[in-house]
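Read left to right, the sequence shown gives residues 5 to 453 (my numbering).
Heads up, the thing below is written out as structure tokens.
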Amino acid sequence: MKLFRTASAAIALALASTPVLASADDHTVDHSAIKAAVEAEYDSYLAPLFVHFHKNPELSFLENQTAARMAQELRDAGVEVTEGVGGTGVVGMLENGDGPLILMRADMDGLPVSEKSGLDYASTATQVGQDGKEYPVMHACGHDVHITSLVGTARQLVAMKDHWKGTVMFIVQPAEERVGGAKAMLEDGLYERFGKPDYALAFHVASVLPTGKVSAAEGIQYSSADSVDIKVPGIGAHGASPHAGRDPVYIASQIVTALQSIVSREVQPLQPAVITVGSFHSGSKHNIISDLAELQLTVRANDEKVRAQLLESIERIAVNTGKAHGLPDDMPVEVVVSEGTPVTYNDVALAKRLNAVMKRDLGEDAFLEFRQQGMGAEDFSYFVAEDMGVPGYYFAVGGTPQEAFDAAENGGPAVPSHHSPLFKIEPRPSVTLGTRAMVAAVLDLAPAE
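This is the structure in structure tokens:
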């Protein structure tokens, strides 16, 4: 790490060698110079950092080594760092005179997925999860891009202190994949300890967008998500004598089928909603009727009222399906919402402002009008919840080369989705564009004059 102790000075020297100021009399920034500096920084420093993070992913709330490395990277850049916020969370404060407080967040956890991307730096990591079981671990959602870009942004902003005024709060967040890390950091007094931000920013690399492109909504950016666990009790019996028991597999199967009626027959047809049963476990042998079936659901909505409706209807259908199939009153079906996050909304005024900044500073052709292509969710919503009063801006950065989309349209392999073992991101354009976009936002929101 000693080789990188003078990182901030090196970036400042690189910036000084390029025409950052339009003139000596003002603080106008030449964004072509910033682009050159960021790309040089990627080649000399950020590329191996990204590879390190990709090869060493960690599960949610267990990101101990990732958090330690991020804390050191921020310190080396010249940022004051506090560790252990909300578990493994890291907070870096970069103060630079009077001006707004801007929260800048990157999530750092990986997923329990065995990587099959074919990359020469693919993860072979395994880790024992909070449940005591060992899992393969992969950055199958691009969080390695996010934390690498956060380091790149911090290093650039330290080197450009003459061109902005205020304070940046760098958030290295755990457990986004379990939509619990943001809430944990807030419950640990994030805003009380470090200040309530004037703005909150974050981005997500997106496999569905071409590299070199950014996109952000002026309103809803991501759906809500809730994890629901359903336990269906049964009365065990021999498989040849089903009448002697109550079969939880059959009852749970009826619940799975009936749940789809909520979306098709209860939710207003123009309101998006998803109920997916992602896990169904029961039994141990061919000829044994077990005494328990367990379902795991993910539930998505674009409206908080619809979200509440879905959860209420799931419980009603599950509990009453159990009763309809003869489960006694002292053996009810249990429904538990184990994790959840609200809908993520971009502040409209802030989004309009920063979308214009992206077009101006990154290039008109770099910005794509936002189009929701799925019902992914984000716990960034906790940082900018309505009762927090913090305007938020969340944007997407393209991660897949256009050539891959062209090949897929011509009969080639499909572009792998997030959470797929085949998932891969083109790191250089993703990291550099994410960094440039964050820097551009800070320079606009916290100008030097």
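We put the CB at the ideal spot given by N, CA and C, even for glycine.
Owing to the predicted nature of the structure, the values given are computational and were not obtained by experimental measurement.
As computed with DSSP, V117 is found in no beta bridge at all.
At the C-beta level, D230 and G416 stay beyond 8 Å of one another.
Rounded to whole angstroms, the gap between the alpha carbons of A444 and A220 is 15 Å. In the three-state reduction of the DSSP assignment, P140 falls in the strand class.
Judged by beta-carbon spacing, V232 lies beyond the 8 Å limit of S294, meaning their Cβ atoms are not closer than that value. Cβ-Cβ distances below 8 Å link S342 to S231, V232 and D233 in the same chain, with the five nearest sequence neighbours on each side left out; the list follows chain order.
As the crow flies, the alpha-carbon of V323 is around 35 Å from that of G90.
A direct Cα-to-Cα measurement between H242 and G403 gives close to 53 Å. Assignment of N324 by DSSP, reduced to helix, strand and coil, places it in the helix class.
In the three-state DSSP reduction, F57 falls in the helix class (H, G or I). Beyond the five residues adjoining it in sequence on each side, L366 comes within less than 8 Å, by CB distance, of H35, V218, L437, R440, A441 and A444 in the same chain, given in chain order. In this structure, M112 keeps its C-beta atom at 8 Å or more from the C-beta atom of P52. For the region 386 to 434, the continuous alpha helix (DSSP H) assignments of 4+ residues that do not extend past its boundaries occur at 406 to 413, in sequence order. Going by C-alpha positions, L315 is about 8 Å away from V303.
L263 and K235 have their alpha carbons spaced roughly 15 Å apart.
Using a Cβ distance threshold of 8 Å, M379 and V278 count as a contacting pair. Around the beta carbon of K309, fewer than 16 other beta carbons lie within 10 angstroms, which makes this residue exposed.
Distances from the alpha-carbon of S265 to those of I224, Q313, P246 and S245 put Q313 closest. Between the alpha carbons of P214 and Y397 lies a gap of roughly 20 Å. Following the DSSP letters along the chain, one finds A188 inside the alpha helix (DSSP H) bounded by residues G185 to E191. Residue pairing from DSSP leaves D47 without any beta-bridge partner. By the 16-neighbour rule on beta-carbons within 10 angstroms, L274 is exposed.
Counting every other CB atom within 10 Å of its CB across the protein chains shown gives E382 a total of 16 or more, marking it as buried. Between the region 191 to 204 and the region 359 to 376, the count of Cβ pairs shorter than 8 Å is below three; the stretches do not touch.
The alpha-carbon separation between F284 and L296 amounts to approximately 11 Å. Exposure of A412 is indicated by the presence of fewer than 16 other C-beta atoms within 10 angstroms of its C-beta. In this chain, the beta strand (DSSP E) harbouring H285 covers A277 to S286. The C-alpha of Q258 is placed about 15 Å away from the C-alpha of P336. Bridge pairing for T345: A229 [DSSP]. One alpha carbon belongs to K120, the other to A355, and they sit about 37 Å apart. If the five residues before and after F198 are omitted, its C-beta is found closer than 8 Å to the C-beta atoms of T86, V95, M97 and M173, all from its own chain and listed in chain order.
Its chain contains I255, Q258, I259, A262 and V337 as the residues whose beta carbon lies nearer than 8 Å to that of T325, once the 5 sequence neighbours on both sides are disregarded; these appear in chain order. Bounds of the beta strand (DSSP E) holding L299 are L296 to A305.
Excluding five sequence positions before and after Q406, the CB atoms of its chain that fall closer than 6 Å to its own CB belong to P214, given in chain order. Under DSSP, H167 takes part in no beta bridge, so it has no partner.
Here DSSP, grouped into helix, strand and coil, assigns S219 to strand.
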